[in-house]
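A.B. asks: Below you'll find the structure I mean.
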Amino acid sequence: MESYEVAIIGGGSAGLAALKQLSNLGKQAILIEAGKKAGTKNVSGGILYSKKPKRGRAYNVEDVYGSVFLSDAPIERRITQYMLHATSGNKVFTMDLTAAHEYQANFGYSVLLGKLNSWFAKQAGESAEKQGGGIVSGVHVRSVSWQDGKTVIETDELEPFEAKAVIAADGVNSEIAEMTGARNKFTPEQLYQGVKVIVKMPEEIIEERFGIGQEDGAAHLYAGDVTLNHIGGGFLYTNRDTLSVGAVYHYDSLMQRPAEPYTLVNALLKNPMVAEFVKDEVAVKEEIDRNLPKEEQLRVRFAVSKLVKTWNELRDAYHSPSARKRLVEGGKYKSEEEIKARLDSVRSELEGKYRTKFVTDYVELEYAAKLVPDGKRCAMRKPYYKNILFIGDAAGRGVFIGPRIEGLNVGIDDAVRAANAVARAIDRNDFSSNSMGEHYSQMIEESPFTRDMKEIDKDYLKIFLDAAKDVPKDIIGQRYGMVFKLMSSGTLRGLAVGFANILGYDRLLPLVESEDTYVQVPIELAEKMGKPVVATYEPTLPTIAQRVAQLKYDDDRISHIKVLDHESEFMKKMVKLCPTNCYSMEDGEITLQHEACIECGTCAKETEWRHPRGEKGVNYQYG
Amino acid sequence: MSDLKIAVIVKLEPDFSEGNVSYNADGTLNRAETKSILGPHSAVASSAAFYAKVKYGARIAVTTMGPPIADTALQQAQLLCDADELHLYSDRMFAGADTLATAEVLKTGISKVEGGKMDIVFSGHRASDGETGQTGPQTAWKLGFTFLGNVIDYNVDMQNRVVRARRMISLQGFYDVIEEVEAPLPVFIAIDPSYKASFNTVSQRLAFEKYQKEAKERAQNYKQYLKIFNAQQLGVDPKLVGLPGSPTIVYKVERIPKAKASRKAEVVDGSSRDQIAKVAAKMYEVLGGMVIK
Amino acid sequence: MSAKYEHLYVVIEHEDGKPVPVSLEMLGEARRLMNGFNKKYSANEKVVALVLGNNMRRLCEELIFYGADAVIYVDSPEFQYSRNLVDTKVISQVATNKELAKKFSDASNFIKPRYMFFAADNIGRQLSSTVLADLESGLASDINKLVIEDLEIKHEHKTKGQAVKYEKTLEMYRPDFSGFLWTTILCLDNRNPAIEREYHPQACSIIPGVFLPIERDTSRRGVITDYIPKFDERDLRVKVLDRKIVKSAVDFDSCKAIVSFGRGIKDSSEQNIKMVADLAQALEAEVGVSLPISKKPFAVSEGVSSTYMIPDRVIGTSGRKVAPLLYIAAGISGAMQHIAGMKESGFVVAINPDENSPIKDECDIFIKGRMEDVIPLLLEELRKQKPAIEVKK
């Protein structure tokens with residue numbers, strides 16, 4: 168049997184960071200990823216942060232990959248504006264929370280994991296190869312077992328092999344965690360469900376619309392009626408030439424009042440402010456005259472398709488300085504004006520010759536959904552089992568504090584700590600849980616993110632209060648009057664927070680993370696203080712069938728998920744809660760059609776839930 | 002790096018995929034307007050050769066007979082199999098060759114690679130345009146190599162210098178048979194279109210990545226690996242190549258005449274629900290079901 | 018007066034003690050051609066069957082009843098399974114052996130056969146290639162029509178541009194990849210003095226299922242001649258280690274209905290294929306494809322491509338022959354090759370927007386329309402009318 172020092176399972180940003188760090192430390196490691204390549208099965212909100220906490224230290228992405236990260240990595244835009252909007256109908260009340268976004272942060276970049284993880288994989292893979300390891304993709308791990316003092320890893324595609332240490336980075340639905348019994352499956356109360364769409368938007372139009380410079384980005388958050396009374400919020404981030412628009416909300420809130428996830432992202436898109444943000448110019452093809460001879464119909468169809476494609480490509484290029492430059496330097500066009508002239512002429516041809524209409528609408532590129540673990544409720548206290556170390560979402564370590572949601576950077580920080588612990592174990596040749604596991608656990612305790620999952624940070628709290636200083640006290644006061652008075656006073660705040668931390672998050676959370684806080688208060692704010700926003704058009708929302716049709720799948724004819732109880736209450740709710748409608752009811756029984764599954768794990772709790780076999784299943788393009 | 006020496010015979014063929022292929026009014030292929038690419042069966046043969054590189058560290062040479070633009074096929078093949086050498090046999094004299102004359106050129110060329118000490122030569126099952134499937138076996142015969150066709154997977158016993166391969170045999174009226182054969186090197190393998198290389202250890206997967214990366218870099222500078230041979234450099238007998246060396250010629254091409262109608266069809270309007278309903282009923286009747294009216 | 022090149026040799030294929038059907042089909046066509054040949058040219062050339070086998074004598078007798086004038090039988094345990102190397106060597110020996118030819122004809126000048134037939138299947142196509150490489154003559158593969166003619170040929174190389182009469186030339190017709198065109202191949206001597214050369218036999222491999230065997234005639238008589246092969250030790254080193262029968266994943270024979278699709282899916286290939294699959298499911302049918310589809314001409318997802326666009330599902334002369342109770346051809350124009358594969362079906366329904374497609378002459382109901390419009394409608398009606406009583410299998 169082949170043997171390797173370290174096996175990292177899961178090629179998301181955490182797993183890849185672990186691989187890179189181990190290579191940095193001169194250790195051999197292999198990473199096993201089930202998707203066809205790293206990045207095809209990852210989804211993020213998403214913003215990637217780099218932090219500089221006042222106490223302790225965070226291991227950031229640039230520490231792992233070096234300065235080449237900021238210069239070379241395909242990161243989208245550096246977020247310089249961070250706004251929170253309270254919504255009710257067409258009324259919006261905006262609070263500038265940029266200070267909260269910048270709190271103890273070096274930077275926050277909007278990212279698309281399809282591209283970014285691919286880059287991480289290239290970097291980590293090359294480094295790992297120099298140490299005799301590397302990345303193996305298209306392989307799904309089936310089991311980790313201990314035989315005769317050896318740790319044996321079995322997969323669906325390869326012959327079994329051995330590893331001395333294992334780092335489990337296989338996400339919120341970690342099969343490693345479940346198979347080994349290291350922890351229980353997460354329950355709805357411990358999870359958020361996130362759903363998002365990628366919207367197309369030419370580069371300079373983004374900058375104009377959001378009032379940002381070429382290097383900058385904006386993040387807009389939404390709370391109020393956009394979440395259809397579910398505890399959570401909406402978000403809109405600017406990427407280079409796309410927007411990430413989505414919603415994140417308590418999974419148990421969704422269980423109480425089941426709604427299809429796509430209705431939540433639709434509610435956000437229908438909000439007039441969001442609609443105005445996502446709008447663009449779209450070409451609508453005319454129906455071809457059926458009386459024309461068949462060859463002519465075909466000819467027209469191909470001609471229009473080609474012209475519309477050209478118009479879109481030219482338009483995107485015209486609104487991108489780098490693309491304009493490339494076209495002129497490449498000799499295709501003599502000047503940028505010429506590009507505009509060609510663009511206009513293509514449009515005239517479409518309008519005049521083929522009666523194509525140009526309307527205001529938005530263009531959706533990809534629909535996605537995933538579950539996110541709330542570290543406050545489900546972080547593994549001792550994130551190891553025998554010689555397996557758990558990192559990131561697999562260990563339940565997501566940071567959720569009000570609008571502050573961090574997962575990517577937490578996973579990377581965990582990854583470095585795990586890699587360091589494993590390297591130490593290799594040097595001592597001691598992989599036992601007492602040594603390696605406990606050491607790792609201790610380092611996790613020292614992580615500033617772990618602190619965030621256990622205590623309230625009073626300085627962060629202050630920023631909110633400062634941002635909310637324009638809010639009339641009577642709105643907040645009605646509910647939290649006493650608390651608010653306490654918090655507003657500098658001296659008392661320290662005491663109050665200290666007291667709150669003694670009480671513990673679990674007692675406070677129901678108060679703070681409630682429908683009141685996330686829905687009612689914002690709605691009232693918007694009603695009383697908000698300005699009306701008018702949408703100039705009505706966005707055409709794709710149906711769920713259209714959204715699924717746009718996704719790319721490699722179907723494995725056998726289903727990777729087995730329904731255990733076809734009549735349970737939980738499973739019946741899955742008919743609504745599965746983001747891609749995989750479940751249906753027939754004659755009182757639940758049936759599953761797995762072909763559209765996007766592997767979010769919403770149904771994991773009561774099914775025999777596995778990832779598909781290597782290379783199979785969904786392949787995200789953007790992520 | 003082992004001492005296993007492999008050659009792959011490939012062909013540049015028209016791209017038959019929608020959007021790329023172009024037909025003349027008379028239904029014949031419009032070669033001028035149709036893009037040319039590495040033929041799909043040649044691509045499978047290249048993947049089969051790559052397996053030997055990953056598993057045994059074999060050295061690979063890709064060869065083709067064709068016009069100067071056929072180097073595109075060699076480049077695409079190199080991308081698939083990380084070839085160490087690319088050979089193009091090109092000469093006006095080779096034009097118009099049928100399979101026997103082509104096999105003569107290929108055999109002469111391959112005999113020159115690596116001092117003529119090839120262990121395995123791969124070819125695809127057939128070309129997607131000519132589709133005769135004859136060139137591979139005929140080249141094998143001229144080389145004097147054992148021919149194994151329809152191979153769906155293979156392994157090499159380096160110690161005993163034998164190949165163990167599984168072949169798919171389909172005979173009309175019989176169930177398909179998978180036959181396992183063993184033959185001493187050198188062999189000529191015609192790969193079955195269904196062949197899919199599978200690498201099932203971690204070390205093979207890592208080697209696969211390593212060689213794939215190398216293949217990308219090499220294919221970008223493929224001209225460095227390219228050697229072009231004309232008739233004289235190859236040393237072929239002019240009487241055995243090109244048109245002079247071809248026993249067969251294409252005499253004519255015509256439309257297959259419409260056969261006499263053997264059934265009289267009832268024409269139904271596809272947009273009429275009533276008529277479709279009647280068709281559905283008829284279907285059930287034919288299948289032997291009972292239709293409740 | 019015997020010629021240098023005489024007779025039609027047919028290489029017989031057999032499996033499990035039985036002839037592969039194409040062997041009898043080849044003999045049938047050979048018989049018809051040589052009857053015409055002998056009449057036209059007042060000749061007495063023979064149809065000779067070549068059998069390599071182990072204990073296959075009974076088969077040899079049958080071959081006479083199916084049209085052979087003579088059978089050359091090579092018996093050896095080495096021929097239990099077909100192995101290209103040794104089979105080629107022995108067939109080549111047999112084809113150039115004058116003494117054998119003398120057993121059934123004058124053959125005083127015999128060098129090689131005039132014509133030679135092989136089966137166009139996995140084994141025959143490759144065997145014919147290597148045999149003809151050894152005999153250094155011409156081969157045309159996948160033939161479905163044959164005519165013997167005297168032709169006047171003007172060819173730049175073969176005849177140096179002059180008009181030359183080639184007698185007793187075998188016109189070998191092969192359908193091209195689209196199925197609508199016939200390419201005629203000829204194997205001709207080089208009569209150009211600069212490159213003078215004789216090319217015989219004129220050989221071809223014949224597509225199974227095209228020709229008909231003759232009616233088995235037990236009154237026919239012929240010569241069965243044995244041949245002791247000369248083996249070279251090296252040729253026998255190929256070992257057959259194991260043979261496993263594989264049942265195809267695609268089982269047409271046990272289905273009452275088959276739904277096939279062709280290039281008509283092209284407007285939205287992925288969706289249309291899924292619709293066809295739905296229709297098949299509703300009728301408990303298997304899905305078939307036309308030959309061009311197996312070449313994967315349209316971009317679809319990997320899963321759909323590897324499930325449907327595979328040679329295993331091709332219906333036609335280069336694929337499977339089927340005869341279900343109900344055959345539905347969606348988006349198939351009706352190339353001859355495809356028709357040949359399904360014309361024995363009980364009831365045929367075609368879905369096609371073009372009333373001029375050849376499939377119209379081969380179906381019982383022609384639904385005029387695009388499949389993306391017709392199939393959803395058809396599915397609705399089928400589901401509505403689903404028989405209350407279970408269809409008995």
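Protein chains in written order, with the working numbering: chain A, 168 to 790; chain B, 2 to 294; chain C, 18 to 410. Heads up, the beta-carbon is just placed ideally off N, CA and C, and yes, glycines get one too. Values in this document were obtained by computation on a predicted structure and should not be read as measured data.
What does Y196(B) reach in chain C if we use C-beta pairs closer than 7 angstroms?
C.D. replies: For the purposes of this step, residue 196(B) is taken as the residue at position 195 of the second sequence. Ordered by position in chain C, no residue passes the 7 angstroms Cβ test against Y196(B), which lies about 12 angstroms from the chain.
A.B. asks: Please report the straight-line C-alpha distance between A201(A) and N209(A), rounded to a whole angstrom.
C.D. replies: As a position in the first sequence, residue 201(A) is number 34, starting the count at 1. As a position in the first sequence, residue 209(A) is number 42, starting the count at 1. The alpha-carbon atoms of A201(A) and N209(A) are separated by roughly 11 angstroms.
A.B. asks: Between the alpha carbons of I242(A) and A357(C), how many angstroms are there, rounded?
C.D. replies: As a position in the first sequence, residue 242(A) is number 75, starting the count at 1. As a position in the third sequence, residue 357(C) is number 340, starting the count at 1. Straight-line Cα distance between these residues: approximately 58 angstroms.
A.B. asks: Anything in chain C within Cβ reach of L288(B), meaning under 8 angstroms, just list it in chain order.
C.D. replies: The count along the second sequence starts at 1 and reaches residue 288(B) at position 287. Ordered by position in chain C, the residues that pass the 8 angstroms Cβ test against L288(B) are K273, A274, L300, L342, L343, V408.
A.B. asks: With distances taken Cα to Cα, identify the nearest neighbour of E533(A) among T207(A), S190(A), M620(A).
C.D. replies: Translated into positions along the first sequence, residue 533(A) becomes position 366. Answer by Cα proximity: T207(A).
A.B. asks: Per DSSP, which one or two residues make a beta bridge with N786(A)?
C.D. replies: Translated into the one-based positions of the first sequence, residue 786(A) becomes position 619. For N786(A), which the question treats as bridged, DSSP gives the partners K719(A).
A.B. asks: On the criterion of 16 or more Cβ atoms from any shown chain inside 10 Å, does P460(A) qualify as buried, or is it exposed?
C.D. replies: For the purposes of this step, residue 460(A) is taken as the residue at position 293 of the first sequence. Its Cβ having fewer than 16 others within 10 Å, P460(A) is exposed.
A.B. asks: Consider the Cβ of V1(B): report whether some Cβ of chain A lies at a distance smaller than 8 angstroms.
C.D. replies: No statement about residue 1(B) is possible, as the shown extent of chain B runs from 2 to 294 and does not include it.
A.B. asks: For Y90(C) versus P230(C), is the C-beta distance shorter than 8 angstroms?
C.D. replies: Along the third sequence, read from residue 1 onward, the residue named residue 90(C) stands at position 73. Along the third sequence, read from residue 1 onward, the residue named residue 230(C) stands at position 213. Cβ atoms of Y90(C) and P230(C): not closer than 8 angstroms.
A.B. asks: Using DSSP's beta-bridge definition, name the partner residues of D243(C).
C.D. replies: Against the third sequence, residue 243(C) aligns to sequence position 226. Answer by DSSP bridge pairing, in chain order: Y90(C).
A.B. asks: With C-beta atoms as the reference, is A385(A) less than 8 angstroms away from G697(A)?
C.D. replies: Taking the first sequence and counting its residues from 1, the one referred to as residue 385(A) is at position 218. Taking the first sequence and counting its residues from 1, the one referred to as residue 697(A) is at position 530. In this structure, G697(A) does not lie closer than 8 angstroms to A385(A) by Cβ.
A.B. asks: Terminal residues of the continuous beta strand (DSSP E) containing L183(A)?
C.D. replies: Working through the first sequence from its first residue, we reach residue 183(A) at position 16. Counting along the chain, L183(A) falls outside any beta strand (DSSP E), though it belongs to the alpha helix (DSSP H) covering 180-191.
A.B. asks: Suppose you measure from the CA of S472(A) to the CA of N257(A); what does that come to, to the nearest Å?
C.D. replies: Locating residue 472(A) in the first sequence gives position 305, where the first residue counts as 1. Locating residue 257(A) in the first sequence gives position 90, where the first residue counts as 1. Going by the C-alpha atoms only, they are around 37 angstroms apart.
A.B. asks: Which class does V257(C) belong to by DSSP, given the choice of helix, strand or coil?
C.D. replies: Position 240 of the third sequence, counted from the start, is the residue given in the question as residue 257(C). Strand, per DSSP.
A.B. asks: Scan the segment 212-227 of chain B for residues whose Cβ lies nearer than 7 angstroms to a Cβ of chain A and list them as they occur along the chain.
C.D. replies: Taking 7 angstroms as the Cβ-Cβ cut-off against chain A, none of the residues of the segment 212-227 of chain B qualify.
A.B. asks: DSSP three-state label for V366(A), please.
C.D. replies: On the first sequence, residue 366(A) is found 199 positions in, with the first residue counted as 1. Residue state, collapsed to three classes: strand.
A.B. asks: Are there 16 or more other CB atoms within 10 angstroms of the CB of K377(C), so buried, or fewer, so exposed?
C.D. replies: The residue you call residue 377(C) lines up with position 360 of the third sequence. Buried: at least 16 other Cβ atoms inside 10 Å.
A.B. asks: Between D511(A) and chain C, is any beta-carbon pair separated by less than 8 angstroms?
C.D. replies: On the first sequence, residue 511(A) is found 344 positions in, with the first residue counted as 1. Taking Cβ atoms only, chain C never reaches closer than 8 angstroms to D511(A), which makes this a no.
A.B. asks: What is the rounded straight-line gap between the Cα of Y226(A) and the Cα of F287(A)?
C.D. replies: Numbered from 1 along the first sequence, position 59 holds the residue referred to as residue 226(A). Numbered from 1 along the first sequence, position 120 holds the residue referred to as residue 287(A). Those two C-alpha atoms are separated by around 16 angstroms.
A.B. asks: Consider the Cβ of M66(B): report whether some Cβ of chain C lies at a distance smaller than 8 angstroms.
C.D. replies: Counting from 1 along the second sequence, the entry for residue 66(B) is found at position 65. So no, M66(B) is outside the interface.
A.B. asks: Find out if the Cβ-Cβ distance for the pair P218(C), E42(C) is shorter than 8 angstroms.
C.D. replies: By 1-based counting over the third sequence, the position of residue 218(C) is 201. By 1-based counting over the third sequence, the position of residue 42(C) is 25. Taking 8 angstroms as the Cβ cut-off, P218(C) and E42(C) do not qualify as a contacting pair.
A.B. asks: Would DSSP call L708(A) helix, strand or coil?
C.D. replies: By one-based count along the first sequence, residue 708(A) stands at place 541. Looking at L708(A) - three-state DSSP - the assignment turns out to be coil, as it is neither helix nor strand.
A.B. asks: Quick check on K203(A): does DSSP put it in helix, strand or coil?
C.D. replies: One-based indexing of the first sequence puts residue 203(A) at position 36. Three-state DSSP puts K203(A) in coil, outside helix and strand.
A.B. asks: Start and end of the beta strand (DSSP E) containing N151(B)?
C.D. replies: Mapped onto the second sequence, residue 151(B) falls at position 150. Taken as a continuous stretch (DSSP letters only), the beta strand (DSSP E) holding N151(B) covers 147-158.
A.B. asks: By the three-class DSSP mapping on this structure, what secondary structure does T202(B) have?
C.D. replies: If you number the second sequence from 1, residue 202(B) lands on position 201. Correct three-state label for T202(B): coil.
A.B. asks: Mind listing, in chain order, the continuous alpha helix (DSSP H) runs of no fewer than 4 residues lying wholly within the segment 343-395 of chain C?
C.D. replies: DSSP runs (the alpha helix (DSSP H)) wholly in the segment 343-395 of chain C: 353-359.
A.B. asks: Excluding sequence positions up to five away, which residues of its chain have a Cβ less than 7 angstroms from the Cβ of K294(B)?
C.D. replies: In the second sequence, counting from the first residue as 1, residue 294(B) sits at position 293. Summary for K294(B): the model assigns pLDDT 34, below 50, so the residue's position carries little reliability; its value from the coordinates is reported in the next sentence. If we look at K294(B) and ignore the five residues flanking it on each side, it has no Cβ neighbours.
A.B. asks: DSSP state of R309(A), grouped into three classes?
C.D. replies: Taking the first sequence and counting its residues from 1, one reaches residue 309(A) at position 142. The answer is strand: DSSP assigns R309(A) an E or B state.
A.B. asks: In three-state DSSP terms, what is R514(A)?
C.D. replies: For this step, residue 514(A) is matched to residue 347 along the first sequence. Three-state DSSP puts R514(A) in a helix.
A.B. asks: Let's test the definition: count the other Cβ atoms within 10 Å of the Cβ of M168(A) and tell me whether it reaches 16, buried, or not, exposed.
C.D. replies: Start at 1 with the first residue of the first sequence, and residue 168(A) comes out as number 1. M168(A) comes out exposed.
A.B. asks: Give the range of the beta strand (DSSP E) segment to which P15(B) is assigned.
C.D. replies: In the second sequence, the residue the question calls residue 15(B) occupies position 14. 13-15 is the span of the beta strand (DSSP E), which, as asked, contains P15(B).
A.B. asks: For the segment 688-713 of chain A, which residues have a beta carbon sitting closer than 9 angstroms to at least one beta carbon of chain C?
C.D. replies: The segment 688-713 of chain A vs chain C, Cβ under 9 angstroms: nothing.
A.B. asks: List the residues of chain C whose Cβ lies closer than 9 angstroms to the Cβ of D722(A), in chain order.
C.D. replies: For the purposes of this step, residue 722(A) is identified with residue 555 of the first sequence, where counting begins at 1. Those within 9 angstroms of D722(A) in chain C are S318, E319, G320, V321, T324.
A.B. asks: Around the Cβ of G498(A), are there at least 16 other Cβ atoms within 10 angstroms (buried) or fewer (exposed)?
C.D. replies: As a first step, residue 498(A) must be located in the first sequence, where it is residue number 331. Exposed, since its Cβ has fewer than 16 Cβ neighbours within 10 Å.
A.B. asks: In the DSSP assignment, the beta strand (DSSP E) including F230(B) goes from what residue to what residue?
C.D. replies: Here residue 230(B) refers to the residue found at position 229 when the second sequence is read from its first residue. From DSSP, the beta strand (DSSP E) with F230(B) extends over 227-230.
A.B. asks: Any beta carbon from chain C within less than 8 angstroms of K719(A)'s own beta carbon?
C.D. replies: By 1-based counting over the first sequence, the position of residue 719(A) is 552. With 8 angstroms as the cut-off, K719(A) counts as an interface residue toward chain C.
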